[in-house]
Amino acid sequence: MTGMNVPQKDGIYPGLNYDTYASIDAVNQSYLKEFAKSAKSAKYWKSMGGREQTPAMAFGQALHLAILEPQNFDAEVLAIPKVDKRTKAGKTAWANFQRQSEGRIILDPDDMDRVKQFALSILDHPTARDLFKNRGSNELSIVWTDPETGIRCKARLDRYTEYLSYAVVVDLKSCQDVEKYAFQRTITKLSYDIQGGFTLMGLDVLRPLPNGAPKQRIFMWLAVESEGPWDVGVYEMVDEARRHAQQRIRKMLRAIKKCRETGVWPGKCGNGHELMDLAEHVYKREPLED
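Letter by letter, the sequence shown follows residues 1 to 290 in my numbering.
Here you go:
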């Protein structure tokens, strides 16, 4: 039960809860990341309904609620109580917790404290604070049809706001290290560039900019370290990175269309066969004899 009607038309949808957004049958950035591994991986991922919940995912969802939907945080997030389940009072408290926890995000007390520190760290960073102080919308859902392939797509923006005369998509990320080149490695490893390029593609379809217009819409990562001192870094996606990501996305959308038309979803190694040699160091260690 999503509690809201699932959008059937392309458009920009503020106020759409996550369950309703998740029910929209469309390609999203998570699907594209799986497709980058292989078409077979993406097909399997979708058939399984996405990845099962992990503690890291639960923490990320709680963080988003604390910063982007604070009015819903207490209703949707619950900390595991510290109780002695050997005692009658402890057993009663634990039973109450289990009843209250159904359908909610569960965190241990330490992670609950970390979420609060995250929110405070953003308020302490001048640029991050401005991104949330300026007029804008949180948790904005967009749905569009790719003009070339006809594939239905969707994305969910953490925040859409204004900054330095630009329309800005803000993407909130927790990470181990916000230092510029450390976070750059994280972007590459987790394909955050795909998310940025894909979101901007959708906005360009729904709210196209005039041909030849100067840059008016940008994508920014707001990165917060997952441990104290919860340092913050704010990074704008450069145009070359956007174009490179969208080039990859364009190739994937074409490939998805072909898979749907043919019913063939190749795995990592394709559908044929390849020659297999030994690693080069094997020959160096023991060369072939004439």
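Ideal placement from N, C-alpha and C gives every residue a C-beta, glycine not left out.
Remark: C-beta atoms of TRP94 and LYS85 approach each other more closely than 8 Å. By the beta-carbon neighbour count (other beta carbons within 10 angstroms, threshold 16), LYS91 is exposed.
Annotation: VAL238 to GLU286 spans about 48 Å, alpha carbon to alpha carbon. Bounds of the beta strand (DSSP E) holding LYS173 are 166 to 175. In the DSSP assignment, GLY233 forms a beta bridge with ALA223.
Proximity to VAL178 across ILE122, GLU139, THR199 peaks at ILE122, based on C-alpha coordinates. Taken in chain order, the unbroken stretches of beta strand (DSSP E) that lie wholly in the segment 40 to 115 and span 3 residues or more are 77 to 79, 105 to 107. Per DSSP, the unbroken beta strand (DSSP E) holding SER141 starts and ends at 136 to 145.
Comparing alpha carbon positions, the residue from THR186, ILE194, ARG207 closest to VAL27 is ILE194. Contact annotation: the segment 155 to 167 does not touch the segment 263 to 272, with fewer than three C-beta pairs closer than 8 Å.
If you check the CB distance, ASP10 and THR199 do not come in under 8 Å. Less than 8 Å divides the Cβ of ALA58 from the Cβ of ILE106. When rounded, the separation of the alpha-carbon atoms in ILE142 and PRO7 is 10 Å.
Within a 10 Å sphere around the beta-carbon of GLU289 sit fewer than 16 other beta-carbons, which makes this residue exposed. Per DSSP, ILE256 has no beta bridge partner at all. Rounded to the nearest angstrom, the gap between the Cα atoms of GLY197 and ARG242 is 5 Å. Sequence-distant Cβ neighbours of ARG135 in its own chain, meaning closer than 8 Å and more than five residues away, are THR161, GLU162.
If you draw a straight line from the Cα of TYR13 to the Cα of LEU140, it comes to about 6 Å. The three-state secondary structure of GLU280, taken from DSSP, is helix.
A straight-line Cα-Cα distance of about 21 Å links PRO147 and ALA36. Within the same chain, and ignoring the five residues on either side of MET112 in sequence, the residues whose Cβ sits closer than 7 Å to its Cβ are ALA79.
Classified as buried, GLU34 has 16 or more neighbouring CB atoms from the shown chains inside 10 Å of its CB. The beta-carbon separation of GLU225 and CYS175, rounded to 6 Å, stays under the 8 Å limit for a contact. Between the C-alpha atoms of TYR21 and GLU280 there is a straight-line separation of about 49 Å. Comparing alpha carbon positions, the residue from SER30, GLU227, LEU120, HIS64 closest to ASP110 is GLU227.
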